[in-house]
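*Asks:* There's a structure below that I have some questions on.
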Amino acid sequence: MTSLSLDRNTLDMRRGACPALSAPMMTGDGLLARVALTEAITPAQLAELCRLARRHGNGILDISARGNLQVRGLSEASAPILDADVRALNLPLRDGLAVETPPLAGIDETEIADPNPIAEAIRQGAREIAGLAPKMSVVVDGGGQLRLSDLLADIRLVAVSTGQGTGWVLLLGGTETTGRIFNVLRETDAIAATLELLHKLSAMGTTARGRDLATGLPKNGAARPAASPFGNFHVSENLFAAGVGPAFGQASAEDRIALCDEAERLGIRSLKPAFDHSLLFFATQTACEALIAFAGNNGFVTSPSDPRSAIAACPGSPACNSAAIATHDLAAKAAEDCGDLLDGSFRLHVTGCPKGCAHPEPSALALCGTNDGLSLVTQGKASAEPFASVAFADTNNSLRRLADLVRNERQAGENSAACLARLGPRRLAAAVMSGRP
Ligand code: SF4
-2 MTSLSLDRNT LDMRRGACPA LSAPMMTGDG LLARVALTEA ITPAQLAELC RLARRHGNGI
58 LDISARGNLQ VRGLSEASAP ILDADVRALN LPLRDGLAVE TPPLAGIDET EIADPNPIAE
118 AIRQGAREIA GLAPKMSVVV DGGGQLRLSD LLADIRLVAV STGQGTGWVL LLGGTETTGR
178 IFNVLRETDA IAATLELLHK LSAMGTTARG RDLATGLPKN GAARPAASPF GNFHVSENLF
238 AAGVGPAFGQ ASAEDRIALC DEAERLGIRS LKPAFDHSLL FFATQTACEA LIAFAGNNGF
298 VTSPSDPRSA IAACPGSPAC NSAAIATHDL AAKAAEDCGD LLDGSFRLHV TGCPKGCAHP
358 EPSALALCGT NDGLSLVTQG KASAEPFASV AFADTNNSLR RLADLVRNER QAGENSAACL
418 ARLGPRRLAA AVMSGRP
């Protein structure tokens, strides 16, 4: 068994802490341990992880918004056993700094450049840098069809084609749109500059983040919107990827095992957990199409047009002690009743409390659980000033009134996000409160 100290100092319950495999974090339904992978695994290996989640936890295996697997409902006794059992599977576990690449990195024929060599050089170089913030992350994005543009990163390298070949734009803080441009560099310079910035951040202490080095730098602002990971993708030659995901990132071990068994039956040999709570299975076109059909028939999200893929919901009640509402029930209802509002132009944020774990960025519309019901926020984080507050009993009606308002007021060619922004908090509040949009 691994040596795993589970005293209260080790159980890191601070806001913003990352629950790693050997340092699980306390949540509303017990300890949560993260299994972060650097490469693809087989469906049989994922099924085995699901069995471990069932044996040692409460059987729920999340896929996080960044594409990490999370085992929930562990106890102080079972967490170390899970740690040992997972390590015994010899999976490609991430160790050290989170240096993330898109799920199709290195195999996507539309990529400007393969980000893997740069990512690996940064991982190696960062091994000797101690004292970085626990959630420090570096994104290296080669500019292919599935990009990590919407994920927050302390340091981000994005491939661009220049007159002299491939360059790497180095951004600090934020998403690809909100990050600040530090420089445009060649590959070796990009690696050296990233490591130098990490050294600087480590010297500033464990609370320093990439944005702290960005003062005065210009905003990027020019990112292409990130494509959804759901659906069938041509990757290269005869290789396709089937992107499917459990609604709101959470499924029982049984459902996931059934999906993995079907993948094995179809001859699929590799998969990766990916951003937006998705799983990408790699295979021939026929096998991918068959798996997508199976997943769709079994309640998984399989298409970007599924309104559930336009909702970011945290685990909520009863999974999290801080939650005031059952976020998944509310999100499912919103997907059912407000499909036209959820046109993919924004992410509806449904959160159990103002911490907003599922969507740290501002959203065009956020629904946040409170002691008295629900607060509604527009163009802000869940913790921002709400434009309206409603009782639990009026939640569904309020959402429907908002959807009706947007449907009636939408101008030609205008998407929901633009319409919500144009209407503004007063019109939205009037619609919610009066019921007469
Ligand atoms: S945002 Fe959700 S998961 Fe995060 S602490 Fe609040 S209720 Fe819990």
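Sequential numbering from -2 applies to the sequence shown in the numbering used here. Every residue, glycine too, gets a C-beta built ideally from N, C-alpha and C. Bear in mind the structure is a predicted one, so any value in this text is a computation, not a measurement.
In chain order, what residues have a CB nearer than 6 angstroms to some heavy atom of ligand 1?
*Replies:* Listed by chain position, these are Cys311, Pro312, Gly313, Cys317, Ser319, Ala320, Thr348, Gly349, Cys350, Lys352, Gly353 and Cys354.
*Asks:* Among the candidates Gly128, Leu149 and Ala130, whose CA atom is the shortest distance from the CA of Asp138?
*Replies:* Considering only alpha carbons, the answer is Leu149.
*Asks:* With 16 as the cutoff for other CB atoms within 10 Å, does Asp59 come out buried or exposed?
*Replies:* Label assigned to Asp59: buried.
*Asks:* Hey, is the stretch 255 to 275 in contact with the stretch 320 to 331, meaning 3+ C-beta pairs nearer than 8 angstroms?
*Replies:* In short, these stretches do not touch, since the Cβ pair count stays below three.
*Asks:* Do you know offhand how far Glu411's Cα is from Arg404's?
*Replies:* Cα-Cα distance, rounded: 10 angstroms.
*Asks:* What residues in its chain sit with their C-beta under 8 angstroms from that of Ala250, if we drop five residues either side in the sequence?
*Replies:* Within the same chain, Ala250 has close Cβ partners Cys47, Arg48, Ala50, Arg51, Gly56, Ile57 and Leu58.
*Asks:* Among the candidates Asp105, Asp147 and Ala323, whose CA atom is the shortest distance from the CA of Asn217?
*Replies:* The shortest Cα separation from Asn217 among Asp105, Asp147 and Ala323 belongs to Asp147.
*Asks:* Tell whether a beta-carbon distance below 7 angstroms holds between Ser491 and Pro357.
*Replies:* Since the first residue shown for the chain is -2 and the last is 434, residue 491 is missing from the structure and cannot be characterised.
*Asks:* In this structure, what does DSSP give as the bridge partners for Ala280?
*Replies:* Per DSSP, Phe237.
*Asks:* Between which two residues does the alpha helix (DSSP H) containing Thr35 stretch?
*Replies:* Per DSSP, Thr35 belongs to no alpha helix (DSSP H) and is neither H nor E.
*Asks:* Roughly how many whole angstroms lie between the Cα atoms of His231 and Met23?
*Replies:* Approximately 40 angstroms between the Cα atoms of the pair.
*Asks:* Near Ala41, what residues of its chain come up, given a Cβ to Cβ distance below 8 angstroms and the 5 sequence neighbours on each side ignored?
*Replies:* Counting only Cβ-Cβ distances below 8 angstroms, and skipping sequence neighbours, we find Cys257 and Glu261.
*Asks:* Should Leu417 go down as buried or exposed, given a rule of 16 or more other Cβ atoms within 10 Å for buried?
*Replies:* By the 10 Å Cβ count, Leu417 comes out buried.
*Asks:* Nearest to Ala310 by CA position, among Ala44, Asp303, Ala62 and Ser19, is which residue?
*Replies:* It is Ala62.
*Asks:* Figure out for me which residue from Glu184, Gly202, Met201 and Arg206 has the closest Cα to the Cα of Arg177.
*Replies:* The option with the nearest alpha carbon to Arg177 is Arg206.
*Asks:* For Thr367, which of Ala379, Thr175 and Ser360 has the nearest alpha-carbon?
*Replies:* Comparing Cα positions, the closest option is Ala379.
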